[in-house]
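Heads up, the thing below is written out as structure tokens.
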Amino acid sequence: MTFTDSAASRKADLAKIHIAKKQLGLDDDTYRAMLQAHGGTSSSKDLTSAGAARVLAHLRRAGFKATAPSKGRRPSTTADRSALLGKIEAQLADAGRPWSYADSMANRMFKVDKVSWLDAEQMGKIIAALSYDAQRRSPVKTGE
1 MTFTDSAASR KADLAKIHIA KKQLGLDDDT YRAMLQAHGG TSSSKDLTSA
51 GAARVLAHLR RAGFKATAPS KGRRPSTTAD RSALLGKIEA QLADAGRPWS
101 YADSMANRMF KVDKVSWLDA EQMGKIIAAL SYDAQRRSPV KTGE
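Numbering-wise (this note's numbering), the sequence shown opens with residue 1 and increments by one.
Given below as structure tokens:
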């Protein structure tokens, strides 16, 4: 695995190190000793790219398994709203977005935590917002 010095890459590497720390159940003293031994510093913020690579390699040998976040599954709802939920699901799939995206839209638009808790009118507004988003992301067609 190669590491670049970009800010996003560094942030991702540090996040992986902290996730591994939690997954492996390392206490703070053990964690800092491991950082010192493999990264040359006792704080993750001071790690170089090479140091982060060595630390991540050690954590993988120790049993850390990186997993991608789940896309979630379709929530259950009543029969009258299942068609609307199906439309939302199709729009999310087309955009490559998880269910949590629709849940956060519901929260932002209606102050309701889950899209499955919305009524039919509110679901229609979510569908309209997803349609608008799809149009915005689609390439512009020139008339020829």
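Heads up, the beta-carbon is just placed ideally off N, CA and C, and yes, glycines get one too.
Legend entry - As assigned by DSSP and simplified to three states, the class of residue 138: coil
Inset, instruction - Work out the CA separation of residue 103 and residue 80 for me, nearest whole Å. - result: 19 Å
Inset, instruction - Using beta-carbon positions only, say whether residue 47 and residue 24 come within less than 9 Å of one another. - result: no
Inset, instruction - Find the nearest neighbour of residue 84 within the set 96, 49, 123, judged by alpha-carbon distance. - result: 123
Legend entry - Under 9 Å between C-beta atoms of residue 49 and residue 10: yes
Legend entry - Host alpha helix (DSSP H) of residue 44 (start-end): Per DSSP, residue 44 belongs to no alpha helix (DSSP H) and is neither H nor E.
Legend entry - Beta-carbon proximity list for residue 32, same chain, < 7 Å, skipping 5 on both sides: 42
Inset, instruction - Could you have a look at residue 153 and say whether DSSP puts it in helix, strand or coil? - result: Examination of residue 153 is not possible in this model, given that the chain is present from 1 through 144 alone.
Legend entry - Same chain, Cβ closer than 7 Å to residue 112, neighbours up to 5 away in sequence not counted: 106, 118
Legend entry - Whole-number beta carbon distance between residue 91 and residue 131, since they are thought to touch under 8 Å: 7 Å
Inset, instruction - For my contact list, residue 174 and residue 133 are in at a C-beta cut-off of 8 Å; report their separation, rounded to the angstrom. - result: This structure does not reach residue 174, given that the chain is present from 1 up to 144, and the question cannot be answered.
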